[in-house]
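Novice: Residue numbers (this note's numbering): 1 to 191. Even glycine gets a Cβ: it sits at the ideal position worked out from N, Cα and C. It should be emphasised that the depicted structure is a prediction, and the values quoted were computed from it without experimental measurement.
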Amino acid sequence: IDYGKAHYLISTTIEEIQNCRNERSFKFIYNQILEFSQKYDIDLKQKRGGRVRKIPDRFSNSIITSTIGHRDDDNNHEHRFRTSTFYPLIDSILIELNNRFSNTNLDILKSLAAMYPESEQFLEFKSLYSLADHLNCDLNQLQNELNVIKPMIKDEKLKSIIELYKKLRPYKEAFPTVISMITGALTKTTF
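#1: Can you round the beta-carbon distance between Y40 and F81 to whole angstroms, since I take them to be within the 8 angstroms contact cut?
#2: Once you ignore the five residues that flank L139 on each side, which residues in its own chain have a CB closer than 7 angstroms to its CB?
#3: With distances taken Cα to Cα, identify the nearest neighbour of T187 among S84, I42, L112.
#4: Kindly indicate which residue of L89, D43, I42, E118 has the alpha-carbon position closest to the one of I162.
#5: Given M115, which residues of its chain have a CB within under 6 angstroms of its CB, disregarding the five upstream and five downstream residues?
#6: Is there contact between the region 96-111 and the region 151-170, where contact requires at least three CB pairs shorter than 8 angstroms?
#7: Excluding the five sequence neighbours on either side, which residues of its own chain have a C-beta within less than 8 angstroms of the C-beta of Y129, listed in chain order?
#8: Determine the contact status of H77 and K126, defining contact as a CB-CB distance below 7 angstroms.
#9: Using CA coordinates, which residue listed in Q143, C137, L168, Q141 is at the minimum distance from M152?
#10: Which complete alpha helix (DSSP H) runs does the region 79-114 hold, if anything under 4 residues is left out?
#11: Quick check for students: name the residue ranges of the alpha helix (DSSP H) that lie wholly in the region 10-43, counting only runs of 4 or more.
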């Protein structure tokens, strides 16, 4: 998994869905619904069976003829679709995506990418900061370990984080922070 690309994909997906929350997008989808319903002979004006509204017993001797707060706006199915389906659906998708992929999670995801040898930011301290902070690593020790590891592996043709782990495993006493971060990166499952 290329976590850098995943970060970009998640961010742009959220942005695209946010951009769909407008009248122009609604009209486009609504027109497609109208075409579909005409093509397959679906009556959009047909009311769905809902619960029967009943005046509460305590008002039985009163002059009340309808329940309080109910508006019969069912004749405008475009408005009903806009307010009860289109915008609420987009909002719930955005809420779920923003909860699942918070800025903190996206920063950690981007930081995970820097643990992989194919990344352009491979073992760059600034890129690893979010992951190190999340794993409560000693940042000074991490910086020192990276300063030693980079020249040590510069001629290696590492293809995966597992190869990096195997290369550094014999030196676990010298690089405990980086080993800990590699282990964390390999087992990170909160996304």
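Specialist: Working from what's here:
#1: The count along the sequence shown starts at 1 and reaches residue 40 at position 40. The count along the sequence shown starts at 1 and reaches residue 81 at position 81. Actually they are not in contact, since the Cβ atoms of Y40 and F81 sit about 17 angstroms apart, beyond 8 angstroms.
#2: For the purposes of this step, residue 139 is identified with residue 139 of the sequence shown, where counting begins at 1. Hits under 7 angstroms: A132.
#3: The sequence position of residue 187 within the sequence shown is 187, counting from 1. Closest by alpha carbon: L112.
#4: Along the sequence shown, one-based indexing puts residue 162 at 162. Selected option, being the one with the closest Cα: E118.
#5: Position 115 of the sequence shown, counting from 1, holds the residue named residue 115. Around M115, the same chain offers I161, A185 as residues with beta carbons nearer than 6 angstroms, after the five sequence neighbours per side are excluded.
#6: no
#7: For this step, residue 129 is matched to residue 129 along the sequence shown. Cβ neighbours of Y129 beyond the five flanking positions: S111, L139.
#8: For the purposes of this step, residue 77 is identified with residue 77 of the sequence shown, where counting begins at 1. For the purposes of this step, residue 126 is identified with residue 126 of the sequence shown, where counting begins at 1. Not closer than 7 angstroms, so no.
#9: The residue labelled residue 152 in the question sits at position 152 within the sequence shown. Cα-wise, what sits closest to M152 is L168.
#10: 87-100, 103-113
#11: Taking only runs of at least 4 residues, the alpha helix (DSSP H) segments lying wholly in the region 10-43 are 23-39.
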